[in-house]
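S.K.:
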Amino acid sequence: MNRLAVILILLLGVAGVFAQSPREMYPPSYISFEIEQLTFDLSDSLMVFDGLFTFSNLSALPEIEDIYFPILVDNDQAYFDSLSVIWTSSGYPLRTIKQKGGFWFTLEMPDRSMETVRIRYQQKLLHKQAKYIVTTANSWAKALVYASYEVRLPEGKKVIHYPFDTPKEATLAEGKQVMSWEFHDFVPQRDLFIQWE
């Protein structure tokens, strides 16, 4: 093989390395998404979201992972506001970067740890329905160990589309009807959608 051919092969190899996305150039993260516990407090014009998200890092090293959290904004739901993202253990806020369709936050987890993040926000509803993207949990390539969903609606509202099968429990609390669902080893098949009148 002549000298020019060797140089050309080396240059193509270097070009291939620089063509990779930054994410592909770093080792995979060992952070895993384990549990979500979500509450949707609804009225005819507002959704108040309160969610607990538990992550684990089972590696022997600290890990950092950028997480994108999508929030549906469309003709039925306006842009979100009053965003709060905190560690539940310390109450310390996580840095966020907002976008129209959601926001980014960074998990920094010590070795062999399990941490919970609390995310709250609200969205104006333009119709008597609410949507939430659940299926992004599948991007972690494993089932959620546990998932719970609670929907609160003003007393007297009639649900015409449930987000999942008929709720196991339907109770009244503080002038609200409360519906809840629980799942183990959960792989969401569709996004959450509830409609009422």
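In my numbering, the protein residues as written are 32 to 228. C-beta: ideal position from N, C-alpha, C; glycine also. The structure presented is a predicted model; accordingly, all values stated were derived computationally and were not measured.
Excluding the 5 residues flanking Lys-188 on each side, which residues of the same chain have their C-beta closer than 6 Å to its C-beta?
M.R.: The sequence position of residue 188 within the sequence shown is 157, counting from 1. Once the five neighbours on either side are set aside, the close Cβ partners of Lys-188 are Trp-227.
S.K.: Can we say the stretch 192-208 touches the stretch 121-135, given the rule of at least three CB pairs closer than 8 Å?
M.R.: Because the criterion of three Cβ pairs below 8 Å is not met, the stretch 192-208 and the stretch 121-135 do not touch.
S.K.: When the Cα atoms are used, what is the spatial distance from Ile-225 to Thr-70?
M.R.: Start at 1 with the first residue of the sequence shown, and residue 225 comes out as number 194. Start at 1 with the first residue of the sequence shown, and residue 70 comes out as number 39. Cα-Cα distance, rounded: 13 Å.
S.K.: Identify which residue in Ile-66, Val-79 and Thr-147 has its Cα closest to the Cα of Tyr-163.
M.R.: Taking the first residue of the sequence shown as 1, we reach residue 163 at position 132. It is Val-79 whose Cα lies nearest to the Cα of Tyr-163.
S.K.: Taking its Cβ as the centre, do 16 or more other Cβ atoms sit within 10 Å of Leu-73, making it buried, or is it exposed?
M.R.: Taking the sequence shown and counting its residues from 1, the one referred to as residue 73 is at position 42. Classification of Leu-73: buried, given that the 10 Å Cβ count is 16 or more.
S.K.: Nearest-angstrom Cα distance between Leu-125 and Phe-217?
M.R.: Locating residue 125 in the sequence shown gives position 94, counting from the first residue. Locating residue 217 in the sequence shown gives position 186, counting from the first residue. Spanning the two alpha carbons is a distance of roughly 27 Å.
S.K.: Taking the alpha carbon of Asp-222 as the reference point, which residue from Glu-205, Tyr-193, Gly-206 and Ser-211 has its own alpha carbon closest?
M.R.: Counted from its first residue, the sequence shown places residue 222 at position 191. The option with the nearest alpha carbon to Asp-222 is Tyr-193.
S.K.: Give me, in chain order, the residues of the same chain whose beta-carbon lies closer than 7 Å to that of Pro-219; leave out the 5 immediate sequence neighbours on both sides.
M.R.: Your numbering for residue 219 matches position 188 in the sequence shown. Excluding sequence neighbours, Pro-219 sits near Val-165, Thr-166, Ala-168 and Asn-169.
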